[in-house]
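Single-structure report; data block below.
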Amino acid sequence: MSPTSSSPDSNAAASAGPVTRFAPSPSGHLHVGGARTALFCWAFARGRGGKFLLRIEDTDQKRSSDAASVGFLKDLDWLGIDWNEGPEFTRPDGTIVGGGPHGPYFQSERLDIYNRYIDQLVREGKAYFAFDTPEELDAKRKAATAAKLAYRYDRAALKLSPAEVEANLKAGKPAVVRCKVPAGAITIHDLILGDATLPDGEVDDFVIRKVDGFPTYHFAVVVDDELMQVTHVLRAQEHFTNTAKHMVLQDALGFRRPTYGHLPIISNPDGSKMSKRDKDKALRAAVQAKGLTAPPTGTVAQERWTKWLGDKNVQLDFDDALRLAEALDVTLPEINVDDFKRSGYLPEVVCNFLALNGWSPGENVEKFDTAFLQQRFDLPRVQKTAAKFDRMKLLAFNCDAITGMDRERYVKLVREHGERYHPEFLQRLTADQFRMLADASHERSKTLEDLYKGNRWVVIADDKLAWEDSKNVRKAMLDGSPRGVDRLRELQPSLNAVGAWLAADIEAVVKGYADQHCEGQIGKVAQPLRVAVTGGTVSPPIFDTLAILGKASAMKRIERCLSTMA
RNA sequence: GGCCCUAUCGUCUAGCCCGGUCUAGGACACCUCCCUUUCACGGAGGUAACAGGGGUUCGAAUCCCCUUAGGGUCACCA
Numbered sequence: 000m001s002p003t004s005s006s007p008d009s010n011a012a013a014s015a016g017p018v019t020r021f022a023p024s025p026s027g028h029l030h031v032g033g034a035r036t037a038l039f040c041w042a043f044a045r046g047r048g049g050k051f052l053l054r055i056e057d058t059d060q061k062r063s064s065d066a067a068s069v070g071f072l073k074d075l076d077w078l079g080i081d082w083n084e085g086p087e088f089t090r091p092d093g094t095i096v097g098g099g100p101h102g103p104y105f106q107s108e109r110l111d112i113y114n115r116y117i118d119q120l121v122r123e124g125k126a127y128f129a130f131d132t133p134e135e136l137d138a139k140r141k142a143a144t145a146a147k148l149a150y151r152y153d154r155a156a157l158k159l160s161p162a163e164v165e166a167n168l169k170a171g172k173p174a175v176v177r178c179k180v181p182a183g184a185i186t187i188h189d190l191i192l193g194d195a196t197l198p199d200g201e202v203d204d205f206v207i208r209k210v211d212g213f214p215t216y217h218f219a220v221v222v223d224d225e226l227m228q229v230t231h232v233l234r235a236q237e238h239f240t241n242t243a244k245h246m247v248l249q250d251a252l253g254f255r256r257p258t259y260g261h262l263p264i265i266s267n268p269d270g271s272k273m274s275k276r277d278k279d280k281a282l283r284a285a286v287q288a289k290g291l292t293a294p295p296t297g298t299v300a301q302e303r304w305t306k307w308l309g310d311k312n313v314q315l316d317f318d319d320a321l322r323l324a325e326a327l328d329v330t331l332p333e334i335n336v337d338d339f340k341r342s343g344y345l346p347e348v349v350c351n352f353l354a355l356n357g358w359s360p361g362e363n364v365e366k367f368d369t370a371f372l373q374q375r376f377d378l379p380r381v382q383k384t385a386a387k388f389d390r391m392k393l394l395a396f397n398c399d400a401i402t403g404m405d406r407e408r409y410v411k412l413v414r415e416h417g418e419r420y421h422p423e424f425l426q427r428l429t430a431d432q433f434r435m436l437a438d439a440s441h442e443r444s445k446t447l448e449d450l451y452k453g454n455r456w457v458v459i460a461d462d463k464l465a466w467e468d469s470k471n472v473r474k475a476m477l478d479g480s481p482r483g484v485d486r487l488r489e490l491q492p493s494l495n496a497v498g499a500w501l502a503a504d505i506e507a508v509v510k511g512y513a514d515q516h517c518e519g520q521i522g523k524v525a526q527p528l529r530v531a532v533t534g535g536t537v538s539p540p541i542f543d544t545l546a547i548l549g550k551a552s553a554m555k556r557i558e559r560c561l562s563t564m565a
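The first sequence begins at 0 in numbering that gives the first Met the number 0 and counts up one residue at a time.
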């Protein structure tokens, strides 16, 4: 029986809506580009009553091994992208997604299937064994480059007689299998890019099975898309010309052809490709700018440090990078979905913004949710050109979403964010204090991180608070006459006399003082107060700030400030 | 370098397929002013683009060609 005829119910798919798939190689983290591809695939299929499936392309043994290889599933889940079929994943709430009738969904577990089809092609003379060593191929490639010619495999192995091939195989000579590509131009049909014709000879006899027995990407992808009944392949534009290879394979195997759509790349503002190495790049730049020769204490081990600085290809692991970033006071560029989560972005905002990079619904609409995306997403409106990822606009969207949500939701989300990323911060606050802080922070927050980032004064011990030495601080405390510190000293007794330490009561006292001594200019006392209790010139409204701190703490800080600065 | 693709404000984009309604619209960023106890938020205004050159046409951001620029791809990676 030929494997082709064994392909299960391949007509059944047509009636049930489109089937799309997201097929990344294994990774612990989901890259934003991948996230957008997944989002589009998901929206396209689901919005049309179809199915979205997930498949892990782990055919490169060198690159895929460890248990965290599908760590990115949590990122997809966080974004709200679920899959009808694919690897099983247990959500935080205990429910399970994934599974399905076309598994396994890890290509490394499907070797038998690929081999059946590869054997078929070899039998039919549509593929052949090749014994060229990597060194030989490399030399030929170099020669072609030197001669300014495009390298194409020269079909050396095709000149071998069947007997020679047999002998080589028997002798255990390492062999790959190559696809024998028929002569002729190939026209790719793409719903986003339109048609493109590759001239005859452009596609050479590419490898479909590697020496280690694993199929190459090209082969596995074609077989699985057929077997998993995928109808629409939406993937990054870097795969565009690969499509020709896939078409050759589909023809050789007698498979139907899915519809293709190639999505534009998302790049950095400077046009470079967004890469996980950008974090290391930012860190290296900071190290250089500060002229550091040794790692800041408590960040990166010396040995690791030397290795990292010495080789641009070495990447710091996540925790090291994080510690170093904090020590150097640099903000790491967010690249992966979980970077954005850590930075306090909302999943619905990330989805919205990602969708806007490369697609738009028109009619000046740009704020929308995934339900809308499902309803409206279509291929003709997908942009053909690469989009530069604009973090400022993302931030603005996030700000709108946060300040626009009701208070209870904000409090819940910001607490959850803190529990995950700033437990030590939370520990230092009572429930009341946290609630007051959250109330005071909501309307000025652009991310869930802002509360934690901008209010270090809350968690610093009263006797550890240090006052910034900056122009603004000096202006508030020491300039003019009377000076800020003088006013503070004057205000101290009445503040101390406040009974119920509530924002409104404090405000009454301070306002009274300002009316009497500052011609009503409350800023004249508010700023010195702020500096005294927070160490800097930025905080939530001063009366909230004082209330959150509590009377004892606030008075202690004022006293300490006065004795230090005055 | 070969092949393929693309080209509207600084950025994301609407408009292009079905030429006139485009002295090109929106959003982010930027600038000015207002609000204001700091920082933000908010409000009002403003600067800012059809890559260049040829056609076609009464008329082109919209159609065609060339140039230029950018991107992708040329692996036993995906």
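Quick reminder that beta carbons are idealized off the backbone N, C-alpha and C, glycines included.
Taking DSSP as the reference, what is the three-state secondary structure of L197? In this structure, L197 counts as strand in the three-state DSSP scheme.
Should the stretch 373 to 390 be regarded as contacting the stretch 182 to 202, the criterion being three or more beta carbon pairs within less than 8 Å? yes
Could you give the first and the last residue of the continuous beta strand (DSSP E) run that contains L52? 50 to 53
Same chain only: Cβ atoms within 8 Å of K550, ignoring 5 sequence neighbours per side: V497, W500
Leaving out five residues on either side along the sequence, give the residues of the same chain with a beta carbon under 8 Å from the beta carbon of P295. L323, A326, L327
Going by Cα to Cα distance, which pick from R488, G33, L545, C560 is closest to S274? If we check each option's Cα against that of S274, G33 comes out closest.
Proximity to F88 [Cα-Cα], best of K73, P100, R427: K73
Would you mind stating whether F479 and K387 have Cβ atoms separated by less than 8 Å? In the sequence as displayed, the identity of residue 479 is Gly instead of Phe. No, the Cβ-Cβ distance between G479 and K387 is not below 8 Å.
How many Å lie between E365 and I207 at the Cα? Approximately 43 Å between the Cα atoms of the pair.
Can the beta-carbon of P257 be found less than 8 Å from the beta-carbon of V229? yes
7 Å CB neighbourhood of D8 in its chain, flanking five on each side removed: Any reading at D8 must be qualified, since the residue scores a pLDDT of 42, below 50, and its modelled position is unreliable; the value itself is stated next. There are no such residues.
Quick one: using the 10 Å Cβ neighbour count with 16 as the cut-off for buried, is D449 buried or exposed? Buried: at least 16 other Cβ atoms inside 10 Å.
Check whether the stretch 331 to 344 touches the stretch 37 to 44, counting contact only when three or more Cβ pairs, one atom from each stretch, lie closer than 8 Å. no
Own chain partners of L233 with C-beta closer than 7 Å, once the 5 adjacent residues on each side are dropped: T19, T36, F39, C40, F43, G260, L262
Could you check which residue in G519, I521, I557 has the C-alpha nearest to that of P492? Minimum Cα distance to P492 is reached at I557.
Are at least three pairs of beta-carbons, each pair with one atom in the stretch 521 to 532 and one in the stretch 464 to 479, less than 8 Å apart? yes
Within 8 Å, do at least three Cβ pairs link the stretch 407 to 427 to the stretch 503 to 523? no
Looking only at its own chain, which residues have a Cβ that is under 8 Å from the Cβ of S440, when we skip the five neighbours before and after it? V413, D449, L450, G453, N454, P539
With a threshold of 6 Å on Cβ separation, who are the neighbours of N356 within its own chain once the five nearest residues in sequence on each side are excluded? Result list for N356: I265, A386, in chain order.
Residue burial classification, A515 (beta-carbon count within 10 angstroms, cutoff 16): Here residue 515 is Gln; the residue named in the question, Ala, does not match the sequence. With fewer than 16 other Cβ atoms within 10 Å, it is exposed.
Tell me, please, which residues DSSP counts as bridged to I505. Partner(s): none; I505 has no beta bridge.
Stretch pair the stretch 53 to 63 + the stretch 368 to 375: three plus CB contacts closer than 8 Å: no
Mark L569 as exposed unless 16 or more other C-beta atoms lie within 10 angstroms of its C-beta, in which case mark it buried. Beyond the ends of the chain as shown, which are 0 and 565, falls residue 569; an answer cannot be given.
Smallest Cα separation from E347: which of R45, G79, V329, P91? G79
Contact between the stretch 392 to 406 and the stretch 423 to 436 is defined here as three or more beta-carbon pairs at a separation below 8 Å; is this criterion met? no
Run through DSSP, which three-state label would H217 get? helix
Tell me where the alpha helix (DSSP H) around E347 begins and ends. 346 to 355
Between A129, V524, Q119, which has its C-alpha nearest L477's C-alpha? V524
Where S1 falls, given that 16 or more other Cβ within 10 Å makes a residue buried: Reliability of the predicted coordinates at S1 is poor, the pLDDT of 37 falling under 50, and no value is obtained from them.
When the Cα atoms are used, what is the spatial distance from P97 to W82? In the sequence under discussion, the amino acid at residue 97 is Gly, which differs from the Pro named in the question. Going by the C-alpha atoms only, they are around 6 Å apart.
Quick check on G511: does DSSP put it in helix, strand or coil? DSSP places G511 in helix when its eight states are reduced to three.
So I117 and V176 are in contact, right, with Cβ under 8 Å, and what is the actual spacing, rounded? 6 Å
Residues near G46 in its chain [Cβ-Cβ closer than 7 Å; skip 5 each side]: Cβ-Cβ distances below 7 Å link G46 to Q373, Q374, F376 in the same chain, with the five nearest sequence neighbours on each side left out; the list follows chain order.
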